[in-house]
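Enquirer:
2 protein chains.
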Amino acid sequence: MTRTDHGVPSRPTSRDVARAAGVSQATVSLVLGEKWHGRVSERTAGLVRDAAAELGYRPNLAARNLRLGSTRTALLVVPALTTEFFARVYTGAAETAGEHGFGLVLYPSPDGVGPARDPFASARATLDGVIASSIAVDALTSIRSTGLPLVMLDSDPTEASAAAHVNLDIADGMRQVTDHLLALGHRDFIHLASSVDSWTFDVRADALHRALRGARVRTVRAPLNVGAARQAAEAALAGPVPHPTAIVCDDDIMAAGACKAARRLGLRVPEDLSVTGFDDLALATAIEPELTTVALPAEQIGRRGMAALLAVLDGTQPAPGTLPVQLLVRGSTAPPPPA
Amino acid sequence: MTRTDHGVPSRPTSRDVARAAGVSQATVSLVLGEKWHGRVSERTAGLVRDAAAELGYRPNLAARNLRLGSTRTALLVVPALTTEFFARVYTGAAETAGEHGFGLVLYPSPDGVGPARDPFASARATLDGVIASSIAVDALTSIRSTGLPLVMLDSDPTEASAAAHVNLDIADGMRQVTDHLLALGHRDFIHLASSVDSWTFDVRADALHRALRGARVRTVRAPLNVGAARQAAEAALAGPVPHPTAIVCDDDIMAAGACKAARRLGLRVPEDLSVTGFDDLALATAIEPELTTVALPAEQIGRRGMAALLAVLDGTQPAPGTLPVQLLVRGSTAPPPPA
DNA sequence: CCCCGGAAGTTATACGTAACACTTCGGCGG
DNA sequence: CCGCCGAAGTGTTACGTATAACTTCCGGGG
Numbered sequence: 085m086t087r088t089d090h091g092v093p094s095r096p097t098s099r100d101v102a103r104a105a106g107v108s109q110a111t112v113s114l115v116l117g118e119k120w121h122g123r124v125s126e127r128t129a130g131l132v133r134d135a136a137a138e139l140g141y142r143p144n145l146a147a148r149n150l151r152l153g154s155t156r157t158a159l160l161v162v163p164a165l166t167t168e169f170f171a172r173v174y175t176g177a178a179e180t181a182g183e184h185g186f187g188l189v190l191y192p193s194p195d196g197v198g199p200a201r202d203p204f205a206s207a208r209a210t211l212d213g214v215i216a217s218s219i220a221v222d223a224l225t226s227i228r229s230t231g232l233p234l235v236m237l238d239s240d241p242t243e244a245s246a247a248a249h250v251n252l253d254i255a256d257g258m259r260q261v262t263d264h265l266l267a268l269g270h271r272d273f274i275h276l277a278s279s280v281d282s283w284t285f286d287v288r289a290d291a292l293h294r295a296l297r298g299a300r301v302r303t304v305r306a307p308l309n310v311g312a313a314r315q316a317a318e319a320a321l322a323g324p325v326p327h328p329t330a331i332v333c334d335d336d337i338m339a340a341g342a343c344k345a346a347r348r349l350g351l352r353v354p355e356d357l358s359v360t361g362f363d364d365l366a367l368a369t370a371i372e373p374e375l376t377t378v379a380l381p382a383e384q385i386g387r388r389g390m391a392a393l394l395a396v397l398d399g400t401q402p403a404p405g406t407l408p409v410q411l412l413v414r415g416s417t418a419p420p421p422p423a
Numbered sequence: 085m086t087r088t089d090h091g092v093p094s095r096p097t098s099r100d101v102a103r104a105a106g107v108s109q110a111t112v113s114l115v116l117g118e119k120w121h122g123r124v125s126e127r128t129a130g131l132v133r134d135a136a137a138e139l140g141y142r143p144n145l146a147a148r149n150l151r152l153g154s155t156r157t158a159l160l161v162v163p164a165l166t167t168e169f170f171a172r173v174y175t176g177a178a179e180t181a182g183e184h185g186f187g188l189v190l191y192p193s194p195d196g197v198g199p200a201r202d203p204f205a206s207a208r209a210t211l212d213g214v215i216a217s218s219i220a221v222d223a224l225t226s227i228r229s230t231g232l233p234l235v236m237l238d239s240d241p242t243e244a245s246a247a248a249h250v251n252l253d254i255a256d257g258m259r260q261v262t263d264h265l266l267a268l269g270h271r272d273f274i275h276l277a278s279s280v281d282s283w284t285f286d287v288r289a290d291a292l293h294r295a296l297r298g299a300r301v302r303t304v305r306a307p308l309n310v311g312a313a314r315q316a317a318e319a320a321l322a323g324p325v326p327h328p329t330a331i332v333c334d335d336d337i338m339a340a341g342a343c344k345a346a347r348r349l350g351l352r353v354p355e356d357l358s359v360t361g362f363d364d365l366a367l368a369t370a371i372e373p374e375l376t377t378v379a380l381p382a383e384q385i386g387r388r389g390m391a392a393l394l395a396v397l398d399g400t401q402p403a404p405g406t407l408p409v410q411l412l413v414r415g416s417t418a419p420p421p422p423a
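Chains A and B, in that order, are what the protein sequence lines are.
Read in our numbering, the first sequence has 321 at position 237, and its numbers run on one by one without any break.
Read in our numbering, the second sequence has 158 at position 74, and its numbers run on one by one without any break.
1. With which residues is THR377 (chain A) paired in a DSSP beta bridge?
2. CB-CB under 8 angstroms to SER206 (chain A), same chain, minus the five flanking residues each way: which ones, in chain order?
3. Quick check on the DSSP output: the beta strand (DSSP E) that includes THR115 (chain B) runs from which residue to which?
4. Express the C-alpha separation of ARG103 (chain A) and GLY386 (chain A) in angstroms, rounding to a whole number.
5. Out of B:ASP364, B:VAL189, B:PRO404, which one is the CA nearest neighbour of LEU412 (chain B)?
6. For the region 154-161 of chain B and the region 212-232 of chain B, state whether three or more C-beta atom pairs, one from each stretch, are separated by less than 8 angstroms.
7. Determine the closest residue to ILE254 (chain B) out of B:LEU380, B:GLY415, B:PRO420, B:GLY405, with distance taken between C-alpha atoms.
8. Does the region 238-246 of chain B come within contact of the region 176-192 of chain B, defined as at least 3 CB pairs closer than 8 angstroms?
9. Any beta-carbon of chain B closer than 8 angstroms to the one on SER206 (chain A)?
10. Return yes when the Cβ of SER358 (chain A) is within less than 8 angstroms of the Cβ of ALA312 (chain A), no when it is not.
11. Identify the continuous alpha helix (DSSP H) that holds ARG347 (chain B) and give its terminal residues.
12. Classify ARG288 (chain B) as buried or exposed, calling it buried when 16 or more other Cβ atoms lie within 10 Å of its own Cβ.
13. Under the rule that 16 or more other beta-carbon atoms within 10 Å means buried, what is ARG302 (chain B), buried or exposed?
14. Tell me which same chain residues have a C-beta within less than 7 angstroms of the C-beta of THR369 (chain B), skipping the five on either side of it?
15. Considering only the alpha carbon of each residue, which of A:SER98, A:ALA105, A:PHE169, A:HIS121 lies closest to ARG148 (chain A)?
16. Alpha helix (DSSP H) containing ARG172 (chain B): first to last residue?
17. Is it the case that the region 250-266 of chain B contacts the region 315-327 of chain B, given that we only count it when at least three CB pairs across the two stretches are under 8 angstroms?
18. If you run the structure through DSSP and keep just helix, strand and coil, what is LEU159 (chain B)?
19. Just tell me which of B:ALA423, B:THR180, B:ALA340 has its CA closest to the CA of LEU393 (chain B).
20. From A:GLY153, A:HIS249, A:VAL310, A:LEU268, pick the residue whose C-alpha is nearest to that of SER278 (chain A); which is it?
21. Measure from the alpha carbon of GLU183 (chain B) to the alpha carbon of each residue in B:PRO422, B:THR400, B:ALA391, then state which is nearest.
22. Report yes if the CB atom of ALA220 (chain A) is closer than 8 angstroms to the CB atom of LEU234 (chain A), and no otherwise.
23. Do we get a CB-CB distance below 8 angstroms when we pair LEU351 (chain B) with the residues of chain A?
24. Does PRO192 (chain B) come within less than 8 angstroms of chain A when only Cβ atoms are used?
25. List, in chain order, every chain B residue whose beta-carbon is nearer than 7 angstroms to that of ILE219 (chain A).
26. Exposed or buried, which one is GLU168 (chain B) when buried takes at least 16 other CB atoms within 10 Å?
27. ALA136 (chain A): which of A:HIS121, A:PHE170, A:ARG95 sits nearest, CA to CA?
28. Going by alpha carbons, who is nearest to MET338 (chain B) out of A:ASP336, A:GLU383, A:ALA342, A:ILE371?
29. In three-state terms, what does DSSP make of ALA129 (chain A)?
30. According to DSSP, which residues form a beta bridge with ALA216 (chain A)?
31. Does any residue of chain B bring its CB to less than 8 angstroms from the CB of ARG347 (chain A)?
32. Using the Cβ count rule (16 or more neighbours within 10 Å means buried), how would you classify ALA164 (chain A)?
33. Do we get a CB-CB distance below 8 angstroms when we pair VAL112 (chain B) with the residues of chain A?
34. Assuming VAL132 (chain B) and VAL112 (chain B) form a contact by the criterion Cβ under 8 angstroms, report the distance between their Cβ atoms to the nearest whole angstrom.
35. Cutting at 8 angstroms between CB atoms, please list the residues of its own chain near ALA366 (chain B), excluding the five before and the five after it.
36. Could you check which residue in B:ALA146, B:ASP286, B:GLY130 has the C-alpha nearest to that of ASP238 (chain B)?
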């Protein structure tokens with residue numbers, strides 16, 4: 085341990101290890117940094133490693149970071165933790181990070197709404213870069229001001245402050261949904277839209293209206309929770325007869341709300357009303373009937389995002405990419421009831 | 085900017101600010117550290133702040149951490165991100181942290197099972213302390229080896245490596261569930277137990293068996309997902325008649341699976357079969373019928389946990405606490421069908 | 001015999017900040 | 001008129017690491 089007048093057994097430093105092994109601090113640094121081949125003898129390296137183990141030496145990261153000017157750590161900013169989508173993005177990104185000796189720290193932006201407090205007030209680790217997933221553009225100001233390399237996932241690709249973008253083909257996903265419903269014969273729709281301000285939802289609305297240009301579409305907005313979605317759907321369905329025959333939801337959570345609304349009004353899903361979700365959360369198969377929804381490659385976008393960030397940090401500009409999504413047809417959709 | 089021979093506009097340092105303001109680096113440090121009252125004139129302080137703003141100065145955290153020997157940042161380790169329970173714990177803990185000028189970084193232990201890789205390989209920020217929520221004891225080894233102060237939430241209180249514990253009264257929650265079912269008249273139970281190795285589930289099982297000592301109880305184990313829980317419940321219900329009349333589940337997710345199993349077997353919930361959950365996830369009110377379950381004060385345990393860690397860091401030993409939980413009776417429980 | 005080169009280390013320094021100890025100076029009480 | 005005190009800063013150092021530049025030793029080729 086370092087000489088402390090008395091008491092407090094402060095953590096051992098590389099100098100303490102050096103003393104114990106009978107070598108200089110530089111040698112310790114070389115050996116433990118795996119940079120010693122041909123510069124230090126096997127025997128000495130062994131002595132150093134033994135001494136380090138003996139003392140329980142752990143390098144001081146703050147000092148290392150200062151010296152290297154880099155932390156090999158990135159930050160993943162997500163709008164909310166409540167859905168497993170972002171958990172899966174994290175998993176993928178952390179995996180790729182690990183393969184390259186990088187760490188990944190997670191920052192859940194409060195509520196997923198509002199201009200968001202400074203992410204670095206809470207997750208204030210020293211960082212090399214930032215990945216932001218599906219967050220609103222106005223939540224970016226504090227990230228921008230750091231000047232850190234930024235990769236955006238599932239976000240407006242025209243946002244220029246990002247060094248790279250990785251997107252999902254959300255528009256195609258919505259097109260698959262509408263194609264499916266049109267093929268079943270539906271012509272009168274409700275779009276149960278998220279009131280959260282996010283690019284991904286703008287795209288969903290856009291693609292839906294483009295695809296259903298010839299059909300009848302009513303739009304209802306609600307926050308991203310089951311109760312609010314149920315209320316909104318119930319109000320929309322309570323209108324004049326004949327009811328719309330299909331509800332297209334921006335999200336599985338809202339779709340669950342729509343299903344509850346239908347049940348309250350005595351409508352059967354899918355016989356009287358078809359309901360579609362988006363994201364393929366665990367919830368989609370937890371409810372009855374199971375939801376027809378769009379599966380997103382969450383882990384993969386995480387991996388690609390991290391890879392893009394690593395490329396940016398390397399100086400090599402990464403090719404932006406768009407990942408395909410896939411409609412899963414399950415029990416919540418069927419042909420409309422005969423008129 | 086610091087003198088770099090050419091190119092790369094490296095970030096300005098406090099010395100650059102000092103130069104620009106015509107003062108010494110020490111003065112910059114005083115002013116920006118808000119430690120200057122009575123030591124630096126208002127005028128000079130203004131000059132420094134202007135210069136800092138002008139240059140876009142941001143202090144180098146690695147250097148500050150090294151100097152201070154502390155980062156004012158803690159790590160929250162959770163077993164999985166897939167349920168909103170831990171998201172709420174994080175929210176509470178981050179709130180309290182923020183009030184004390186602390187940051188909070190999140191580490192989702194992979195899968196929530198297994199001996200868990202080194203948390204610090206992924207979330208490698210330099211840290212002052214660790215809070216671990218509901219994680220298995222064997223996942224602690226790498227945390228223990230760091231010697232960092234550790235606060236455990238909803239975990240085995242006999243685990244001595246923790247500096248403090250904050251627990252939920254899980255046993256009482258389970259007792260409320262069993263009391264409710266016994267009062268309704270149930271005498272034949274299935275316990276759909278989580279196969280995850282965690283103290284919180286051990287307690288649930290223990291409390292259940294203690295309370296139902298006089299009744300008939302069959303135990304079935306399954307992983308924490310809807311599909312596996314459904315299969316397990318279906319198998320258990322397919323046994324000899326008469327069926328048990330109530331399924332007590334370790335978790336809302338498993339309860340959702342149990343409800344699906346019931347439907348497949350033509351049993352109505354709650355008329356033919358009562359089902360209870362635990363945790364009061366959003367899922368509990370997303371399904372039909374809504375689940376009778378136990379609500380946990382997630383944000384509060386997060387706040388208390390962070391407060392305990394701050395106390396430990398201050399040298400003041402915090403009083404350990406146990407937080408109350410509450411049964412929410414909803415639509416998934418009813419008296420058993422007449423024999 | 002001398003010198004060169006490689007192996008095996010060591011010495012020294014810089015990273016950017018915070019804070020202790022010191023200086024300078026003007027004013028004021030004795 | 002001298003000394004002392006407080007205000008306003010400044011010089012300096014240490015935190016622990018990584019690495020460039022240097023030293024030392026030894027064996028071998030010319």
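Ideal placement from N, C-alpha and C gives every residue a C-beta, glycine not left out.
Expert: Working from what's here:
1. In the first sequence, residue 377 (chain A) corresponds to position 293, counting from 1. Answer is A:LEU412, bridged to THR377 (chain A).
2. The residue you call residue 206 (chain A) lines up with position 122 of the first sequence. Here the set comprises TYR191.
3. For the purposes of this step, residue 115 (chain B) is taken as residue 31 along the second sequence, with counting starting at 1. In the sequence as presented, Thr is not what sits at residue 115 (chain B); that position holds Val. Element bounds for VAL115 (chain B): not the beta strand (DSSP E) but the alpha helix (DSSP H), 109-116.
4. Residue mapping note: residue 386 (chain A) aligns to position 302 of the first sequence, counting from 1. Residue mapping note: residue 103 (chain A) aligns to position 19 of the first sequence, counting from 1. The alpha-carbon atoms of GLY386 (chain A) and ARG103 (chain A) are separated by roughly 44 angstroms.
5. Position 328 of the second sequence holds residue 412 (chain B). For LEU412 (chain B), the nearest C-alpha among the options comes from B:ASP364.
6. yes
7. Here residue 254 (chain B) is taken as the residue at index 170 of the second sequence, counted from 1. The shortest Cα separation from ILE254 (chain B) among B:LEU380, B:GLY415, B:PRO420, B:GLY405 belongs to B:LEU380.
8. no
9. Taking the first residue of the first sequence as 1, we reach residue 206 (chain A) at position 122. By this cut-off, SER206 (chain A) is an interface position.
10. Taking the first sequence and counting its residues from 1, one reaches residue 312 (chain A) at position 228. Taking the first sequence and counting its residues from 1, one reaches residue 358 (chain A) at position 274. The answer is no: Cβ separation not under 8 angstroms.
11. The count along the second sequence starts at 1 and reaches residue 347 (chain B) at position 263. Where ARG347 (chain B) is concerned, the enclosing alpha helix (DSSP H) stretches over 336-348.
12. As a working mapping, residue 288 (chain B) is identified with position 204 in the second sequence. That one is buried.
13. Position 218 of the second sequence, counted from the first residue, corresponds to residue 302 (chain B). Classification of ARG302 (chain B): exposed, given that the 10 Å Cβ count is below 16.
14. Locating residue 369 (chain B) in the second sequence gives position 285, counting from the first residue. Around THR369 (chain B): no qualifying Cβ.
15. For this step, residue 148 (chain A) is matched to residue 64 along the first sequence. Considering only alpha carbons, the answer is A:SER98.
16. Indexing the second sequence from 1 puts residue 172 (chain B) at position 88. Unbroken alpha helix (DSSP H) run through ARG172 (chain B): 168-183.
17. no
18. In the second sequence, the residue the question calls residue 159 (chain B) occupies position 75. Of the three classes helix, strand and coil, the one that applies to LEU159 (chain B) here is strand, per DSSP.
19. Counting from 1 along the second sequence, the entry for residue 393 (chain B) is found at position 309. The residue with the shortest Cα to Cα distance from LEU393 (chain B) is B:THR180.
20. Residue mapping note: residue 278 (chain A) aligns to position 194 of the first sequence, counting from 1. With distances taken between Cα atoms, SER278 (chain A) lies closest to A:VAL310.
21. Stepping through the second sequence from its first residue, residue 183 (chain B) is reached at position 99. Among B:PRO422, B:THR400, B:ALA391, the Cα nearest to that of GLU183 (chain B) belongs to B:ALA391.
22. Counted from its first residue, the first sequence places residue 220 (chain A) at position 136. Counted from its first residue, the first sequence places residue 234 (chain A) at position 150. Contact flag unset, no.
23. The residue given as residue 351 (chain B) occupies position 267 in the second sequence. Chain A, which has no Cβ nearer than 8 angstroms to the Cβ of LEU351 (chain B), makes this no.
24. One-based indexing of the second sequence puts residue 192 (chain B) at position 108. Output row for PRO192 (chain B): interface = yes.
25. Here residue 219 (chain A) refers to the residue found at position 135 of the first sequence. Within 7 angstroms Cβ-Cβ: nothing; ILE219 (chain A) doesn't reach chain B, min ~16 angstroms.
26. Position 84 of the second sequence, counted from the start, is the residue given in the question as residue 168 (chain B). So GLU168 (chain B) counts as buried.
27. In the first sequence, residue 136 (chain A) corresponds to position 52, counting from 1. Closest by alpha carbon: A:ARG95.
28. Sequence index remark: in the second sequence, residue 338 (chain B) carries index 254 (1-based). Ranking A:ASP336, A:GLU383, A:ALA342, A:ILE371 by Cα distance to MET338 (chain B) puts A:ILE371 first.
29. In the first sequence, residue 129 (chain A) corresponds to position 45, counting from 1. Reduced to three states, the DSSP call for ALA129 (chain A) is helix.
30. The sequence position of residue 216 (chain A) within the first sequence is 132, counting from 1. The partner list for ALA216 (chain A) (beta bridge, DSSP) reads A:VAL161, A:MET236.
31. Residue numbering aside, residue 347 (chain A) sits at position 263 when the first sequence is read from its first letter. Yes, because at least one Cβ of chain B sits closer than 8 angstroms to the Cβ of ARG347 (chain A).
32. As a working mapping, residue 164 (chain A) is identified with position 80 in the first sequence. The residue in question, ALA164 (chain A), is buried, as its Cβ has 16 or more Cβ neighbours within 10 Å.
33. Taking the first residue of the second sequence as position 1, residue 112 (chain B) is located at position 28. False, the Cβ-Cβ gap to chain A never drops below 8 angstroms.
34. Here residue 132 (chain B) corresponds to residue number 48 of the second sequence, with the count starting at 1. Here residue 112 (chain B) corresponds to residue number 28 of the second sequence, with the count starting at 1. Yes, they are in contact, since the Cβ atoms of VAL132 (chain B) and VAL112 (chain B) sit about 5 angstroms apart, within 8 angstroms.
35. Within the second sequence, the letter at position 282 stands for residue 366 (chain B). For ALA366 (chain B), where only same-chain residues beyond five positions count, the Cβ hits under 8 angstroms are GLU168.
36. As a working mapping, residue 238 (chain B) is identified with position 154 in the second sequence. When each option's Cα is compared against that of ASP238 (chain B), the closest is B:ASP286.
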